[in-house]
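Residue numbers (my numbering): 1 to 289. Remarks on the structure that follows.
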Ligand SMILES: NC(=O)c1ccc[n+]([C@@H]2O[C@H](COP(=O)([O-])OP(=O)(O)OC[C@H]3O[C@@H](n4cnc5c(N)ncnc54)[C@H](OP(=O)(O)O)[C@@H]3O)[C@@H](O)[C@H]2O)c1
């Protein structure tokens, strides 16, 4: 049995799907009772509802599992404390392998959510638990947030300059890589960055969208103040808004690039391209990642 934390989120559901496809029994930790159905319908064998901050919940969730896949909620100010709680629960339950869903280049202090993940990596490395650390780039799936606008107005809005170059990865490839390191031998004490290509500017991404959708799509830079207003109006918390603004400033100044060799080796095939991802999205149900 493998435990996935954060399993009702978009990453969690993808990793769950990849493990269920391999017929691996999964216990899903979800935050709220109304998330049980989502993970049960994918094939979670066992579901626990509760807070990752709680020692009691994590103790119960880790009991009897061989491996644990830890996905912290996105931009959680308590990421370090949650990581410590998960590691402690895994150690006392005798979990044999802890895989941490980190992020590409966690050593960037200017991005608080990256820096927090590096502190969790550090705890894990010192924990004496067999571990694997996965460091995915930003998901191609983030583009889907703007899908309606891309289709209806031909506009791809980003809160950084159009020539900002970023590496992306398909979440489906990340999930497959996760399933591989969880179920195949030879990945203990490894750290892998998961990236699909060396990166594209936002202008190049809009050009791919134009070609694949067979209609003009233009990138538009959203001023950061407007973006903040929209984020607050949509109910995003202050920590999350400030963290994302820090990330956008970093992207603007330096871009954010990684390398696809490790993911190619892990999957034993080239990672999905943005073109392939968009084709799949066009043929898929709206909620499919
Ligand atoms: N998005 C990217 O491009 C990207 C790239 C690389 C790495 N990552 C990392 O991937 C991770 C997951 O991101 P995601 O977008 O998949 O997350 P997500 O969709 O926000 O999912 C997080 C899940 O955790 C649950 N949760 C929140 N607080 C909890 C708590 N205290 N205890 C138990 N469960 C709790 C959430 O439930 P509620 O709905 O109740 O809050 C949700 O189901 C993050 O750590 C992120 O940094 C993301």
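Even glycine gets a Cβ: it sits at the ideal position worked out from N, Cα and C.
Note on geometry: alpha-carbon atoms of residue 147 and residue 126 lie some 42 angstroms from one another. In the DSSP assignment, residue 91 falls within the alpha helix (DSSP H) that extends over 79–93. Unbroken beta strand (DSSP E) stretches of 3 residues or longer found wholly inside the stretch 142–195: 155–158, 190–194, given in chain order. Between residue 170 and residue 196, the gap from beta carbon to beta carbon is short of 7 angstroms. Using a Cβ distance threshold of 7 angstroms, residue 89 and residue 62 count as a contacting pair. In the DSSP assignment, residue 101 falls within the beta strand (DSSP E) that extends over 97–101. At a Cβ-Cβ threshold of 7 angstroms, residue 2 and residue 182 count as neighbours. Residue range 224–233 is occupied by the alpha helix (DSSP H) that includes residue 229, with no beta strand (DSSP E) assigned at that position. A straight line joining the alpha-carbon of residue 185 with that of residue 98 spans about 13 angstroms.
As a beta-bridge residue in DSSP terms, residue 27 pairs with 3, 46. Straight-line spacing of the CA atoms in residue 105 and residue 248 works out to 15 angstroms. Residue 264: member of the alpha helix (DSSP H) spanning 261–267, first to last residue.
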